[in-house]
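Novice: Position 89 of the sequence shown, counting from 1, maps to 96 under our numbering, and the rest follow consecutively.
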Amino acid sequence: MAKARSVVGLDVHASKIVAAVVDGETGELQFFEMNGEIAAAAGFCAGLPGAVKVAYEAGPTGYVLARELAERRVECVVAARSKIPRATGELGGAVVFSPIRCISINWEGRGFDG
Numbered sequence: 008m009a010k011a012r013s014v015v016g017l018d019v020h021a022s023k024i025v026a027a028v029v030d031g032e033t034g035e036l037q038f039f040e041m042n043g044e045i046a047a048a049a050g051f052c053a054g055l056p057g058a059v060k061v062a063y064e065a066g067p068t069g070y071v072l073a074r075e076l077a078e079r080r081v082e083c084v085v086a087a088r089s090k091i092p093r094a095t096g097e098l099g100g101a102v103v104f105s106p107i108r109c110i111s112i113n114w115e116g117r118g119f120d121g
C-alpha cells in the first residue's frame with residue numbers, strides 16, 4: 008500500500024455515517040458526521056487532501072460504498088469483524104468496532120476483505 012496523507016475510518020449505518028480522519032502529515036484526528044448517503048460519504052473521502060485510505064466494517068451496506076470509493080480512485084478496505092484481532096479478554100460478541108479501529112487497520116497495513 009502506498010503511503011496515505013489522509014487515513015479514514017468509517018462507522019457506516021443506514022441513517023448516519025461517522026468518519027474519523029487522521030492527517031498523516033500532522034497527526035491531527037478529526038471526526039465528521041454525515042447522513043447515510045453512500046455517494047456523499049464517498050465524495051467526502053475523495054475530497055480529502057493527498058492519497059486517501061479508507062476502512063469500514065462489512066455490514067448491511069455491503070460493498071456498495073467500496074465500489075463507489077473505487078470509482079473515485081480511493082483505496083478502501085472492507086473489514087470483516089470476525090477477522091479483526093482482539094485483545095486478550097475482549098468478548099467475541101462485544102467487539103467495539105469504531106472508526107478508530109478502522110484507522111488502525113489502515114495504519115498498520117492489515118487489509119481484510121472478509
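Heads up, the beta-carbon is just placed ideally off N, CA and C, and yes, glycines get one too.
These numbers were taken from a predicted model, which means no experiment stands behind them.
1. Based on the DSSP output, what are the partners of Y70 in its beta bridges?
2. Mind checking who E40 pairs with in its DSSP beta bridge?
3. What separation, rounded to the nearest whole angstrom, lies between the Cα atoms of V19 and E82?
4. The alpha helix (DSSP H) spanning A49 covers which residue range?
5. Taking only three categories from DSSP, how would you classify E35?
6. Decide if G43 is buried, meaning its Cβ has at least 16 other Cβ atoms within 10 Å, or exposed.
7. May I ask which residues mark the beginning and end of the beta strand (DSSP E) holding E16?
8. Among I45, D30, A86, whose alpha-carbon lies nearest the alpha-carbon of V71?
9. Specify the secondary structure class of A77 as computed by DSSP and reduced to three states.
Specialist: According to the data block:
1. Answer is none; Y70 lacks a bridge partner.
2. V25
3. 17 Å
4. DSSP places A49 inside the alpha helix (DSSP H), whose first and last residues are 45-53.
5. DSSP places E35 outside both helix and strand once states are collapsed to three, so it counts as coil.
6. exposed
7. Checking the displayed sequence, the identity of residue 16 turns out to be Gly instead of Glu. Here the beta strand (DSSP E) through G16 covers 13-19.
8. I45
9. helix
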